[in-house]
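>
Protein chains: 2
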Amino acid sequence: MLSKKTKYGLKALAYLASQPDRKPVQISEIAEKQNISQKFLESILLSLRKTGFLGSKKGKGGGYYLLKIPEEISMTDVMRVLEGPISMVPCVSLNFYESCDDCPDEHACSVHKLMLQVRDSALDVYKNNTLKDIIS
Amino acid sequence: MLSKKTKYGLKALAYLASQPDRKPVQISEIAEKQNISQKFLESILLSLRKTGFLGSKKGKGGGYYLLKIPEEISMTDVMRVLEGPISMVPCVSLNFYESCDDCPDEHACSVHKLMLQVRDSALDVYKNNTLKDIIS
DNA sequence: GAAAACCCTATTAAATTAGTAGGGTAATAA
DNA sequence: TTATTACCCTACTAATTTAATAGGGTTTTC
Numbered sequence: 004m005l006s007k008k009t010k011y012g013l014k015a016l017a018y019l020a021s022q023p024d025r026k027p028v029q030i031s032e033i034a035e036k037q038n039i040s041q042k043f044l045e046s047i048l049l050s051l052r053k054t055g056f057l058g059s060k061k062g063k064g065g066g067y068y069l070l071k072i073p074e075e076i077s078m079t080d081v082m083r084v085l086e087g088p089i090s091m092v093p094c095v096s097l098n099f100y101e102s103c104d105d106c107p108d109e110h111a112c113s114v115h116k117l118m119l120q121v122r123d124s125a126l127d128v129y130k131n132n133t134l135k136d137i138i139s
Numbered sequence: 004m005l006s007k008k009t010k011y012g013l014k015a016l017a018y019l020a021s022q023p024d025r026k027p028v029q030i031s032e033i034a035e036k037q038n039i040s041q042k043f044l045e046s047i048l049l050s051l052r053k054t055g056f057l058g059s060k061k062g063k064g065g066g067y068y069l070l071k072i073p074e075e076i077s078m079t080d081v082m083r084v085l086e087g088p089i090s091m092v093p094c095v096s097l098n099f100y101e102s103c104d105d106c107p108d109e110h111a112c113s114v115h116k117l118m119l120q121v122r123d124s125a126l127d128v129y130k131n132n133t134l135k136d137i138i139s
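From first to last, the protein sequence lines stand for chains H and R. Quick note on the numbering used here: the first sequence kicks off at 4 and runs consecutively. Quick note on the numbering used here: the second sequence kicks off at 4 and runs consecutively.
What follows is the structure in structure tokens.
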């Protein structure tokens with residue numbers, strides 16, 4: 004399941020991407036328009052800022068804004084930051100690899116074999132989608 | 004993340020599929036060979052029996068066995084029974100559909116758009132893999 | 001008729017999620 | 001410079017899910 008954090012983060016990014024200009028947008032506006040708890044959204048936007056997706060401006064007229072243009076923001080990166088591993092099991096993860104302690108031989112494991120394909124197909128989708136692609 | 008239930012269920016199915024014959028295999032044997040808690044595995048196998056994947060035989064010489072041949076057991080069906088929805092959000096689920104209460108228009112939703120593709124690509128993988136395909 | 005093996009219910013510890021509460025700090029415009 | 005706006009940060013918590021564990025049946029089959 005996709006966490007609400009990821010869902011809200013994606014929606015916020017999409018909202019920012021569909022702004023006519025690149026002026027800062029207030030948290031309260033995004034929260035209201037996208038039906039997201041403001042405080043929760045605050046923490047999500049903060050993490051998107053710390054990971055280099057968003058910039059922020061304080062004071063009156065401040066808010067959050069995209070640091071890059073939508074077509075340069077890959078879903079792969081966004082998903083990894085918001086949701087974490089793309090793989091469904093750590094033993095097939097590229098960025099969050101961990102071996103299974105119950106599995107003597109990874110390459111003989113049928114779960115491994117299946118999940119490797121699932122990871123690759125998901126990765127394919129994420130790689131082929133930028134923020135631009137998913138806004139209407 | 005894949006739940007342990009699904010992981011263990013898949014491993015158990017694969018173990019049964021790689022038996023030389025179709026004789027019942029005891030829970031204790033599967034649990035030991037695959038490093039799974041026996042009691043936990045018991046409940047998993049039970050649900051696989053109730054959903055028509057496995058048959059069981061009681062008494063001495065009893066155990067669990069596949070009801071179909073491995074090449075006729077689709078990963079799509081197995082995943083739906085063990086893990087539940089294949090989609091990462093209910094609003095793109097074929098078998099477990101639910102609308103989002105925060106989303107005024109599903110078709111304008113960027114999360115929806117992305118997750119639809121992810122679902123289709125995962126489904127593609129599951130449809131192209133039977134139990135036979137994932138055993139070595 | 002006893003052992004083997006499946007079947008069933010209830011409980012629980014740990015982890016994660018999705019927030020809530022509440023306050024602090026910095027920057028901007030007037 | 002001062003009031004306001006808006007970001008920033010910490011801590012806590014209720015609810016849910018997961019991954020078992022415990023313990024006791026019941027049914028077959030040899």
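Backbone N, C-alpha and C define an ideal beta-carbon position, used for all residues, glycine too.
Determine which residues share a DSSP beta bridge with V28/R and list them.
Y67/R
> So, at 8 Å on beta carbons, what are the nonlocal neighbours of K36/R in its own chain, with the 5 sequence-adjacent residues on each side left out?
Y18
> If we call anything under 7 Å between Cβ atoms a contact, is L57/H one with V114/R?
no
> List, in chain order, every chain R residue whose beta-carbon is nearer than 7 Å to that of V84/H.
Proximity of chain R to V84/H at the Cβ level (cut-off 7 Å) is not reached, the minimal Cβ distance being about 15 Å.
> Give me the DSSP bridge partner(s) of L57/H.
BP columns for L57/H point to L69/H.
> One question on the structure: do E86/H and T9/H come within less than 7 Å of each other, judged by their Cβ atoms?
yes
> Below 8 Å on the Cβ atoms is my contact criterion, and I expect A15/H with I47/H to pass it. Report the Cβ-Cβ distance as a whole number of Å.
With a Cβ gap of about 7 Å, A15/H and I47/H count as contacting.
> Given a limit of 9 Å on CB to CB distance, which residues of the segment 125-138 of chain H reach chain R?
Sequence-ordered contacts of the segment 125-138 of chain H with chain R read A125, D127, V128, Y129, N131, N132, L134, D136, I137 and I138 [C-beta pairs closer than 9 Å].
> Does any C-beta atom of chain R lie closer than 7 Å to the C-beta of S96/H?
no
> Run through the segment 65-139 of chain H for me and flag every whole alpha helix (DSSP H) of 4 or more residues, listed as ranges in chain order.
For the segment 65-139 of chain H, whole alpha helix (DSSP H) runs of length 4 or above, ordered along the chain, are 78-85, 113-130 and 134-137.
> Taking the beta carbon of G55/R as the centre, do at least 16 other beta carbons fall within 10 Å, making it buried, or is it exposed?
Burial state of G55/R is exposed, judged by a 10 Å Cβ sphere holding fewer than 16 other Cβ atoms.
> Identify the contact partners of K14/R in chain H, using a Cβ-Cβ distance below 8 Å as the criterion.
C112, S113 and V114
> Given that a residue counts as buried once 16 or more other Cβ atoms are within 10 Å of its Cβ, and exposed if not, what is I72/R?
Classified as exposed, I72/R has fewer than 16 neighbouring CB atoms from the shown chains inside 10 Å of its CB.
> Given a threshold of 16 other Cβ atoms within 10 Å of its Cβ, counted over all protein chains shown, does L97/H qualify as buried or as exposed?
Here L97/H is exposed: its Cβ has fewer than 16 other Cβ atoms, across all protein chains shown, within 10 Å.
> To the nearest angstrom, how far is it from the Cα of D136/H to the Cα of I76/H?
10 Å
> Is the beta carbon of G62/R closer than 7 Å to that of P27/R?
no
> For the segment 16-31 of chain H, enumerate the residues whose C-beta is nearer than 7 Å to any C-beta of chain R, in chain order.
A17
> Name, please, each residue of chain R whose Cβ falls closer than 8 Å to the Cβ of L5/H.
M91, V92, V114 and M118
> Quick one: measure Cβ to Cβ for V92/H and V128/R, integer angstroms, because I've assumed they're closer than 8 Å.
Not really, about 14 Å apart at Cβ, beyond 8 Å.
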